[in-house]
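Enquirer:
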Amino acid sequence: MSLMGQRAVYDIRQELYVHVQEMSEEFHDHSSSGRVISRLTNDVDRMSELLGGELINTFAQIFVVFAIGAAMFIANLRLAIVSLLIIPILLLTTIYFRKVLREAYRRTRKTISNVTSNLAESISGAKVTKSFAREQRSAEIFSELNEADYQSNVDAGKAQAAFFPVIRFIGGLGTAVILLFGGLFLLSPTFLYVSEALTPEVTLGTIVMFVQFSDSFFRPILTIANFYTSVQSAFAGGERVFSVLDSESAIQDLPDALPMPDVEGHIKFNNVMFRYGEGPIVLENFNLSIEPGETIAIVGDTGAGKTTIVSLLNRFYDVVKGSIQIDDIDIRSVTQNSLHSKIGLVLQDAFLFMGTVKDNIKYGRQDATDDEIIAALDAIGARRIIENLEHGLDTEVGERGSRLSEGERQLVSFARALLADPKILILDEATSSIDIYTEY
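Residues in the sequence shown are numbered consecutively from 7, following my numbering.
#1: Counting along the chain, where does the alpha helix (DSSP H) carrying L417 start and finish?
#2: Within 10 angstroms of its Cβ, does I101 collect 16 or more other Cβ (buried), or is it exposed?
#3: Which first and last residues belong to the alpha helix (DSSP H) in which K105 is found?
#4: In three-state DSSP terms, what is E402?
#5: What are the start and end residues of each continuous alpha helix (DSSP H) run of 4 or more residues lying completely inside the stretch 267–294, in chain order?
#6: How would you call P226, buried or exposed, if buried means at least 16 neighbouring beta carbons within 10 angstroms?
#7: The alpha helix (DSSP H) spanning D155 covers which residue range?
#8: Between the stretch 395–407 and the stretch 355–374, do three or more beta carbon pairs fall short of 8 Å?
#9: Please state the DSSP three-state secondary structure of S329.
#10: Could you check whether the Cβ of D35 sits closer than 8 Å to any heavy atom belonging to the ligand ATP?
#11: Who does T362 pair with in a DSSP beta bridge?
#12: At 4 residues or longer, and completely inside the stretch 346–390: list those alpha helix (DSSP H) runs for me, N to C.
#13: Tell whether a beta-carbon distance below 9 Å holds between A240 and R52.
#14: What is the rounded straight-line gap between the Cα of T313 and the Cα of S30?
#15: Just to confirm, are D333 and H272 a CB contact at a threshold of 9 Å?
#16: Using the rule of at least 16 other Cβ atoms within 10 Å of the residue's Cβ for burial, across every protein chain shown, is Y156 buried or exposed?
#17: How about N48 and S119: do their beta carbons lie closer than 9 Å?
#18: Thinking C-alpha only, which one of G299, I287 and I330 is nearest G309?
#19: Taking the continuous alpha helix (DSSP H) assigned at L318, which residues delimit it?
#20: Hey, would you say I349 sits closer than 9 Å to V278, going by beta carbons?
#21: What is the residue span of the alpha helix (DSSP H) that D221 lies within?
#22: Which first and last residues belong to the alpha helix (DSSP H) in which D334 is found?
#23: Figure out for me which residue from F72, Y282, K327 and D161 has the closest Cα to the Cα of N276.
#24: Using DSSP with H/G/I as helix, E/B as strand and the rest coil, what is D307?
#25: Look at the Cβ atom of D262, then the Cβ atom of S137, and state whether they are nearer than 9 Å.
#26: Taking the C-alpha atoms as reference points, what is the distance between A382 and L424?
#27: When you compare the stretch 63–77 with the stretch 219–239, are there three or more beta-carbon pairs, one atom per stretch, that lie closer than 8 Å?
#28: Go through its chain and collect everything with a Cβ distance to F187's Cβ below 6 Å, but skip five positions before and after it.
#29: Looking only at DSSP bridge pairs, what is D262 linked to?
#30: What's the C-alpha gap between N82 and I173?
#31: If you follow the alpha helix (DSSP H) that I257 is in, where does it begin and where does it stop?
#32: Anyone know if the C-beta pair for D35 and Y282 falls short of 9 Å?
#33: Would you list, in sequence order, the uninterrupted alpha helix (DSSP H) runs of no fewer than 4 residues that lie entirely inside the stretch 50–79?
#34: Three or more C-beta pairs closer than 8 Å, one from the stretch 143–154 and one from the stretch 117–133: is that the case here?
#35: In three-state terms, what does DSSP make of I302?
#36: Rounding to the nearest angstrom, what Cα-Cα distance links G221 and S130 in this structure?
This is the structure we're talking about:
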């Protein structure tokens, strides 16, 4: 069962990762990477508690409880009925602690998510933190989040610790009920008497036997209670995982969407209106026509909507009104993957993945040869710069390209886009960190 549980966790984590990758930019705009990572790691790990070897043991203990209950009814109906008077108390207690434990574990999942989010952000922004001498304040913020996580786990531990003594007390109460009513039946044989067949005589031996039954009945219940607390932790993690899995991407392919055919690259924005969510209008009645082979520059004030135009053409967002066409084909009528394969995008903030320079340039075309990579670098005048790196194309770029300068990262990103051989190439201030000679 442990192997099956691990496989189930693997499948859930894989499905969640794929789902996050397919979500629209709107989702990523409103979700910090640290919180998403927390769902992929911490929350999925909590779900594994439902799927491990404890599950089979719990089912076995449930079977034992029912078997002992049946034996009690067979042995003596009257004592069996009074023995089970504590069951409603047990159920009410369980319902109460379910709410308490679930809420406590929800808080632990939220606080560890905050810690993970802050950690991811702090590590990524370590240079900025140092440049502003904010190490002390950054440590204080992390300490506050860490303290909140510690406290939430302490509270959850207290709730869990209170649960077991209560269950044991109810078990003791069950024994007391057996002794009380057993004594009554012993002293007054006609008390709750129906017939010899249904309510046989209660003897001292019968009472001792039922005390043993009660002990055997509640021992597996303690095991089940222990698993029950794990279930609440797993459910708290599962709620967060499935809240992501159940969310739908704001940008989806239409049911009848087709792959985009080969295009010449005639781009048209037709009376486009767009806003981010319920925010102010960014573009209104925007029209633009770009002929195949034409090179244009869009200039404007910061925040005027230049990057928005790029995002809309890539269909990272959908227009509110109007349409965008490539060769008279509405981009909403084709699959997103086929649309993106026709467009090469080089951003100002060039993102590189862990690996070598060559790995990153080949990202969009895994079958590219070294000669094709060199040709792409020659096309942008970057061959000499890359070859002068410590290991040339085999130079490790580090996380997010941290071992390269900003200009070198932009050149690698530029070469990556060119190597993919797109019909449409978009540069979003992609040469802002490149020296004037190379840019020219």
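Using N, Cα and C, we set each Cβ at its ideal position, and we do this for glycine too.
Expert: Inspection of the coordinates gives the following:
#1: On the sequence shown, residue 417 is found 411 positions in, with the first residue counted as 1. L417 -> alpha helix (DSSP H) spans E412 to L425.
#2: Taking the first residue of the sequence shown as position 1, residue 101 is located at position 95. Label assigned to I101: exposed.
#3: Residue 105 sits at position 99 when you count from the first residue of the sequence shown. Where K105 is concerned, the enclosing alpha helix (DSSP H) stretches over I93 to S130.
#4: What you label residue 402 is simply residue 396 of the sequence shown in a count that begins at 1. DSSP places E402 in strand when its eight states are reduced to three.
#5: none
#6: By one-based count along the sequence shown, residue 226 stands at place 220. By the 10 Å Cβ count, P226 comes out buried.
#7: The sequence position of residue 155 within the sequence shown is 149, counting from 1. D155 -> alpha helix (DSSP H) spans E141 to L193.
#8: yes
#9: Here residue 329 corresponds to residue number 323 of the sequence shown, with the count starting at 1. Here S329 sits in strand by DSSP.
#10: Questions concerning the ligand ATP fall outside what the structure shown contains, since it holds no ligand whatsoever.
#11: As a working note, residue 362 is residue 356 in the sequence shown. Bridge partners of T362: E402.
#12: 363–367 and 376–385
#13: On the sequence shown, position 234 is the one that residue 240 refers to. On the sequence shown, position 46 is the one that residue 52 refers to. Contact flag set, yes.
#14: Taking the first residue of the sequence shown as position 1, residue 313 is located at position 307. Taking the first residue of the sequence shown as position 1, residue 30 is located at position 24. One C-alpha to the other measures close to 16 Å.
#15: What you label residue 333 is simply residue 327 of the sequence shown in a count that begins at 1. What you label residue 272 is simply residue 266 of the sequence shown in a count that begins at 1. Yes, Cβ-Cβ distance for D333 and H272 is below 9 Å.
#16: As a first step, residue 156 is located in the sequence shown; it is residue number 150 there, counting from the start. Y156 should be labelled exposed.
#17: Reading the sequence shown from its first residue, position 42 is the one you call residue 48. Reading the sequence shown from its first residue, position 113 is the one you call residue 119. Yes, these two residues count as a Cβ contact at 9 Å.
#18: Within the sequence shown, numbered from 1, the residue matching residue 309 stands at position 303. That would be I287, whose Cα lies nearest to the Cα of G309.
#19: Stepping through the sequence shown from its first residue, residue 318 is reached at position 312. Counting along the chain, the alpha helix (DSSP H) containing L318 begins and ends at K312 to L319.
#20: Here residue 349 refers to the residue found at position 343 of the sequence shown. Here residue 278 refers to the residue found at position 272 of the sequence shown. No, these two residues do not count as a Cβ contact at 9 Å.
#21: Along the sequence shown, read from residue 1 onward, the residue named residue 221 stands at position 215. Element bounds for D221: L210 to L251.
#22: As a working mapping, residue 334 is identified with position 328 in the sequence shown. Taken as a continuous stretch (DSSP letters only), D334 belongs to no alpha helix (DSSP H), as it is neither H nor E.
#23: Stepping through the sequence shown from its first residue, residue 276 is reached at position 270. Checked all of F72, Y282, K327 and D161; the closest Cα to N276 is K327.
#24: As a first step, residue 307 must be located in the sequence shown, where it is residue number 301. In this structure, D307 counts as coil in the three-state DSSP scheme.
#25: Mapped onto the sequence shown, residue 262 falls at position 256. Mapped onto the sequence shown, residue 137 falls at position 131. No; because the gap between Cβ atoms is not below 9 Å, this pair is not in contact.
#26: Numbered from 1 along the sequence shown, position 376 holds the residue referred to as residue 382. Numbered from 1 along the sequence shown, position 418 holds the residue referred to as residue 424. So the two alpha carbons sit approximately 6 Å from each other.
#27: yes
#28: Numbered from 1 along the sequence shown, position 181 holds the residue referred to as residue 187. For F187, where only same-chain residues beyond five positions count, the Cβ hits under 6 Å are V88.
#29: Counting from one through the sequence shown, the residue named residue 262 turns up at place 256. None, per the DSSP bridge assignment.
#30: Residue numbering aside, residue 82 sits at position 76 when the sequence shown is read from its first letter. Residue numbering aside, residue 173 sits at position 167 when the sequence shown is read from its first letter. So the alpha carbons of these two residues sit roughly 25 Å apart.
#31: As a working mapping, residue 257 is identified with position 251 in the sequence shown. Careful: I257 lies outside any alpha helix (DSSP H) and carries neither H nor E.
#32: Mapped onto the sequence shown, residue 35 falls at position 29. Mapped onto the sequence shown, residue 282 falls at position 276. Closer than 9 Å, so yes.
#33: 50–53
#34: yes
#35: Residue mapping note: residue 302 aligns to position 296 of the sequence shown, counting from 1. Three-state DSSP puts I302 in coil, outside helix and strand.
#36: The count along the sequence shown starts at 1 and reaches residue 221 at position 215. The count along the sequence shown starts at 1 and reaches residue 130 at position 124. Reading the sequence as shown, one finds Asp at residue 221 and not Gly. Going by the C-alpha atoms only, they are around 57 Å apart.
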